[in-house]
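Reading through the structure tokens given below for one structure.
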Amino acid sequence: MHRLSGNCGGRRRRGAEAKGGNPHARSAGSGRSAGMKTRALLQARSLNRRIGNYLRQPRAGYILATFDRSSYLDMDGQIVALVTPVLLNGPLNIVVDAETFHDRVAAGDTATSTDRGLRAGGIEIELAGAIVWDAALPPWPGEHISRLRDNLVTLRGVLEVEAPEGGLARAATGHVATTALETRAAPALRDLARGLQHPDALLVGHAASTLAGLGPGLTPSGDDVLVGCLLTLALYADTADRMRHAIVSGVRNRTTRISMAYLEAAARGEASEAWHRLVDAVAENDPDRIAAAARGVMAFGETSGSDMLAGFVLAAEALP
């Protein structure tokens, strides 16, 4: 499952908090007491440039889901993630000076924004003064693509030793399926690799539609693999536009809204802070840094990070 939740020293978490969440999201009406009138005033530390620009216009929406360290909002159709600092910067994220959200907001609470701040449930977040962070990965020159291929053995080595069970990392990197999830995904993973290699947009789109929503949680494992593929494609400048479009079209209306938001962000080349570190390490052609950065990517979620990394490797190996 792909989640932007960080692994905070304890067991890995599944679902959206790896992209950001705890598996026990509050349902509408289950949160704060009706008598609470005061709002907690919080400061945003940083936010993705695109999200900041979007929220400069007045927006209205509601909270989709709330977890210990993240809260997902639908702001006039745009998914926005409020996250605690441990979850770092990400394509949907506003990093807020807070330790938790679940005691102040609940699913179904209303949310509004202006050019100065954002109100959601029992919190008010000051956006002015936040560091503006750019989630977009720059397209690579050809020599960097060669460095990625040269260092795939390092990425595979980290996955081989450290990828947790329960996701699709092993199946996506060519291992024989041993679980029900891997067995369901294996034919589509093979088609995805073949479609990227030839290239065949129809085959890629069909494979993506099969993987979409495959697995439990708000960001299922099949989607996480596709996010990783999209991030590889983002590094190939304009040459991979057809493949990116095929994946997004194949997934649309087949997965959760939150997961779709992450897939669309990856199709734009937007990635989390941990991914930027990995891409920078590959560009520097430093195997030790690459291995450390790969572990940083894999720390997100119970299986999300490893599934994304496996999708990244799958696409890098398949692309001509």
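Heads up, the sequence shown is in my numbering, so the first residue is 25 and it goes up one at a time.
Idealized CB from N, CA, C, for every residue including glycine.
Cα-Cα separation between residue i and residue j, rounded to whole angstroms
i, j, result
"Asp100", "Leu254", "25 Å"
"Gly293", "Ala317", "18 Å"
"Leu287", "Asp158", "17 Å"
"Ala217", "Val337", "10 Å"
"Ala334", "Ser137", "37 Å"
"Ala291", "Ala201", "28 Å"
"Asn309", "Gly166", "14 Å"
"Leu142", "Glu150", "7 Å"
"Arg268", "Gly198", "22 Å"
"Tyr78", "Ala270", "26 Å"
"Arg80", "Val119", "17 Å"
"Pro311", "Leu176", "10 Å"
"Trp299", "Glu326", "17 Å"
"Pro115", "Arg301", "14 Å"
Contact under 7 Å by Cβ, residue i with residue j
i, j, result
"Asp139", "Arg69", "no"
"Ala154", "Leu97", "no"
"Val275", "Ala232", "yes"
"Ala209", "Leu238", "yes"
"Leu161", "Val272", "no"
"Leu213", "Ala187", "no"
"Leu172", "Ala342", "no"
"Val156", "Arg281", "no"
"Leu112", "Ser95", "no"
"Arg278", "Ala225", "no"
"Ile314", "Val306", "yes"
Candidates the options, of which the one nearest residue i by Cα
i, options, result
"Glu123", "Ala270, Ile147 and Pro115", "Ile147"
"Met284", "Asp265, Met267 and Val251", "Val251"
"Ser328", "His168, Pro115, Leu192 and Arg128", "Leu192"
"Ile75", "Ile87, Tyr86 and Ile103", "Ile103"
"Thr62", "Ala144, Ser94 and Ile118", "Ala144"
"Val129", "Val119, Thr207, Leu116 and Leu88", "Leu88"
"Asn370", "Val306, Arg301 and Glu297", "Residue numbering for the chain in the displayed model covers 25 to 344; residue 370 lies beyond these limits and cannot be assessed."
"Thr234", "Leu226, Thr203, Gly246 and Asp224", "Gly246"
- Item | the stretch 180-197 contacting the stretch 121-136, beta-carbon criterion three pairs below 8 Å | no
- Item | 4-residue-minimum alpha helix (DSSP H) runs that sit fully inside the stretch 255-308, ordered along the chain | 265-275, 281-291 and 297-307
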